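Q:
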Amino acid sequence: VAQEKINTDIVTLTRFLTEEQAKHPEATGDFTLLCHALQFSFKSIAYYIRRATLINLTGLAGSSNTTGDDQKKLDVIGNDLFVAAMRTSGKCRLLVSEEEEECIVFNENPTARYAVVCDPIDGSSNLDAGVSVGTIFGIFRLPEGAKGEKEEILLPGTELVSSGFTMYGASTQLVLTMKSGGVNGFTMDNALGEFILTHPNMQIPKSRAIYSVNEGNSLYWDEPVKEYFNTLKYPVGKSGKPYSARYIGSMVADAYRTLLYGGIFAYPSDKKSPKGKLRILYECAPMAMVFENAGGQAVNSRMERMLSVVPEHIHDRSGIFMGSQNEVQNVIEVHKKHR
Ligand code: AHG
Ligand code: MN
Ligand code: MN
Ligand code: MN
113 VAQEKINTDI
123 VTLTRFLTEE
133 QAKHPEATGD
143 FTLLCHALQF
153 SFKSIAYYIR
163 RATLINLTGL
173 AGSSNTTGDD
183 QKKLDVIGND
193 LFVAAMRTSG
203 KCRLLVSEEE
213 EECIVFNENP
223 TARYAVVCDP
233 IDGSSNLDAG
243 VSVGTIFGIF
253 RLPEGAKGEK
263 EEILLPGTEL
273 VSSGFTMYGA
283 STQLVLTMKS
293 GGVNGFTMDN
303 ALGEFILTHP
313 NMQIPKSRAI
323 YSVNEGNSLY
333 WDEPVKEYFN
343 TLKYPVGKSG
353 KPYSARYIGS
363 MVADAYRTLL
373 YGGIFAYPSD
383 KKSPKGKLRI
393 LYECAPMAMV
403 FENAGGQAVN
413 SRMERMLSVV
423 PEHIHDRSGI
433 FMGSQNEVQN
443 VIEVHKKHR
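Per my numbering, residue 113 is the first one in the sequence shown, and the count goes up by one each step.
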């Protein structure tokens, strides 16, 4: 039997972060330490999700969060794991989580310069069915002279220094991007307990005939949205072939597929949810940064650049269209016609 070719020069997330830091002589190492704490929260959340059915962690916690979602037991545990990781990193000053009503101020870390936003478990309605869920995160660097006040985290996505998400699926995936550009994908090796760089420099295909949207809301959609999706389903002209529909109902999983295969993911604002469903700070903005840095686009329901939107409140929502450059451009063109 031929011997398996063993790679002895593996790029782990730890190594990747060390090498990134070395590229920036001015770096203090704080960002790297913060990322190590993030990494631990991903590993532990993945661990409890895998064991949930065995240790009675399925089902509801019996509470609801500020945005009105019923909290699952794992929403609460995922949040607690994330908050503890950020507190003990020593590098996080402010933290906004979907599951926390208020922005958390870590006064025990008065010199910490980072503000973090997170959706500890995205797609939690899918948890008990064993469908992929994930964690979304964004990291801001507070400006010099910031006082560590709650309002200081109300920043547009253009101010993110890093963002990304994990997907706890058949394997645990981590997608990470930084201000300097580039989107990198890592896969968790459970035996090593390490994220391994498996998808360096991810680029989203320019177009692909796949759309991802909760079509059950189409009754409530605005005219341009209805028209856009109809052009995908009932094409006229030369191509003639309708798009494929794929909707998992976990943004992380729909986003991960869209990043790899191309296409479009949308959660438009509509008559039922005039402000949209997904939340700007910890869902829309981090994802928009990933998609732009991978060569795609992300806009809100007003066809404005998603990253330029400044939230007024930490849990503010927005409509979103994100994906391949050309697919999102088609959405923008249809909306222009209706002006
Ligand atoms: P969360 O589980 O963090 O509250 O997010 C839910 C979001 C997102 O994961 C998904 O894209 C969307 O809700 C699905 O909503 P619908 O069930 O309305 O399609
Ligand atoms: Mn929720
Ligand atoms: Mn979510
Ligand atoms: Mn969530």
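Note that beta-carbon positions come from the ideal geometry of N, C-alpha and C, so glycine has one too. Since the structure is predicted, the reported quantities are computational estimates derived from the model, not experimental observations.
If you count every other CB in all the chains shown that lies within 10 Å of the CB of N412, and 16 or more means buried, which is it?
A: Looking at its Cβ environment, which holds 16 or more other Cβ atoms inside 10 Å, N412 is buried.
Q: Taking the alpha carbon of I248 as the point to measure from, which residue in S436, R414, M401 has its own alpha carbon closest?
A: Measuring from the Cα of I248, the nearest candidate turns out to be M401.
Q: I believe A367 touches F277 by the beta-carbon criterion, under 8 Å. Please report the beta-carbon distance rounded to the nearest angstrom.
A: About 7 Å separates the two Cβ atoms, so the contact holds.
Q: CB of I161 to nearest heavy atom of ligand 4: below 7 Å?
A: No, the Cβ of I161 stays beyond 7 Å of every heavy atom of ligand 4.
Q: Going straight from the alpha carbon of T126 to that of Y340, what length do you get?
A: Distance between the alpha carbons of T126 and Y340: 43 Å.
Q: Quick one: any contact between the stretch 214-228 and the stretch 332-346, if contact means 3 or more CB pairs under 8 Å?
A: No, they do not touch.
Q: Given that a residue counts as buried once 16 or more other Cβ atoms are within 10 Å of its Cβ, and exposed if not, what is L186?
A: It is buried - the Cβ of L186 has at least 16 other Cβ atoms within 10 Å.
Q: Counting along the chain, where does the alpha helix (DSSP H) carrying E445 start and finish?
A: E445 -> alpha helix (DSSP H) spans 437-449.
Q: With DSSP collapsed to three states, give me the class of M434.
A: In this structure, M434 counts as strand in the three-state DSSP scheme.
Q: Which class does V123 belong to by DSSP, given the choice of helix, strand or coil?
A: V123 falls in the coil class under three-state DSSP.
Q: Which ranges does the beta strand (DSSP E) cover as unbroken runs of at least 3 residues, wholly within the stretch 273-330, from first to last along the chain?
A: 284-290, 295-301, 306-311, 322-324, all fully within the stretch 273-330.
Q: Report the residue from A114, G260, Y359, F298 whose alpha carbon sits nearest the alpha carbon of G328.
A: Nearest option by C-alpha distance: Y359.
Q: Quick one: any contact between the stretch 286-295 and the stretch 386-396, if contact means 3 or more CB pairs under 8 Å?
A: Verdict: no, contact absent.
Q: From M101 to E264, what does the alpha carbon distance come to, in whole angstroms?
A: Residue coverage of the chain in this structure runs from 113 to 451, which leaves residue 101 outside it and unanswerable.
Q: Use the C-beta contact count for E439: other C-beta atoms within 10 angstroms, 16 or more gives buried, fewer gives exposed.
A: Buried, by the Cβ-count rule.
Q: Within 10 angstroms of its Cβ, does E116 collect 16 or more other Cβ (buried), or is it exposed?
A: Under this definition E116 is an exposed residue.
Q: Give a single yes or no on whether E211 has its beta carbon closer than 7 Å to a heavy atom of ligand 3.
A: The answer is no for E211.
Q: Beta strand (DSSP E) containing L371: first to last residue?
A: Careful: L371 lies outside any beta strand (DSSP E), inside the alpha helix (DSSP H) at 363-373.
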